[in-house]
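Below is one structure, written out as structure tokens, with a few remarks after it.
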Amino acid sequence: MKFRQFIAQSGMLLVFVVVVIAACLIAPQFATKINMIGLGLQVSSIGVVSCTMLFCLAMGDFDLSVGSSLALGGMVAVIVGNATGSLFIAALAAIAVGAVVGLLNGVVVAKFGINALITTLATMQIVRGLTNILGHGTPQTALKPGFDFLGNQTYFSVPLPIWMLVLFFIVFGVMLNRTVFGRNALAIGGNREAAILAGIKVSKTKMCVFALSGMAAAFAGVVEASRLQVASNNAGDKLELQAISAC
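First residue of the sequence shown? That's 6 in my numbering, and the numbers climb one at a time after it.
Shown next, in the form of structure tokens:
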């Protein structure tokens, strides 16, 4: 019985371990440090977005606009960074825009009762269109020195995006499992009516979760633009499906 419970709870972890071992045996260069760092950088954006996507799924919703929000966040960061010369201001502007997009999703879903699939699918198209308008249909290059700090700074030979991904995992893992906010999100997904009767502010919680989702996606866009030194109109394409799969 215990073995079956372990398989049910950790089945995907076992699959992951088997795949990694198989990759190491088939391709010896797979386990090298440079390859591990490369893989970490590739999945950093997906991992950051997955942290807040998990909260959406916990509530019984999902956010299909995260890929577009990532592209918009990167585009806003590059444009503001080129105008001000400050990565800090650029990042704040991008995160603020992401928060607005996420909050809009939350208001429509929570207050108007429109299905999250329809809401975020529409937002995905709107935000992608806005990104193309801001970038005039072409990728925008970061021109100011220092813009690459978030994407290319290293500590102990490990790039900063990987450290930030680990921090996101820890913070949001604790939030989901050890805080009232996380428990409320799980309760809403388990039984919305019971959550309401228990005094949980369902609409407020949903709006906060969607706002966090937009902010996380925009921040991931800033980091990606910082690492590549360019904001692409097509950044984050299919990211929403990858994030949901990761969750």
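From the three backbone atoms N, C-alpha and C, an ideal C-beta is built for every residue, glycine too.
| request: Assign residue 138 to buried or exposed, taking buried as 16 or more other Cβ atoms, counted over all protein chains shown, within 10 Å of its Cβ. | output: exposed
| message | Rounding to the nearest angstrom, what Cα-Cα distance links residue 19 and residue 248 in this structure? | response | 20 Å
| query | Alpha carbon to alpha carbon, how far is residue 64 from residue 160? | reply | 36 Å
| Expressed to the nearest angstrom, what Euclidean distance is found between the alpha-carbon atoms of residue 224 and residue 26? | 33 Å
| request: Look at the Cβ atom of residue 181, then the Cβ atom of residue 60, and state whether they are nearer than 8 Å. | output: yes
| request: Inspect the beta-carbon positions of residue 52 and residue 218 and report whether they are closer than 8 Å. | output: no
| query | DSSP beta-bridge partners for residue 163? | reply | 160
| said: Considering only their Cβ atoms, is the gap separating residue 69 from residue 126 smaller than 8 Å? | reply: yes
| said: For residue 55 and residue 49, I'd like the C-alpha separation in whole angstroms. | reply: 10 Å
| request: Alpha carbon to alpha carbon, how far is residue 163 from residue 43? Give it in angstroms, no decimals. | output: 10 Å
| field | Bounding residues of the alpha helix (DSSP H) (the contiguous stretch that carries residue 27) | value | 7-31
| query | For residue 146, which beta-bridge partners are listed by DSSP? | reply | 235
| query | Of the residues 200, 105 and 79, which one's Cα is nearest the Cα of residue 147? | reply | 79
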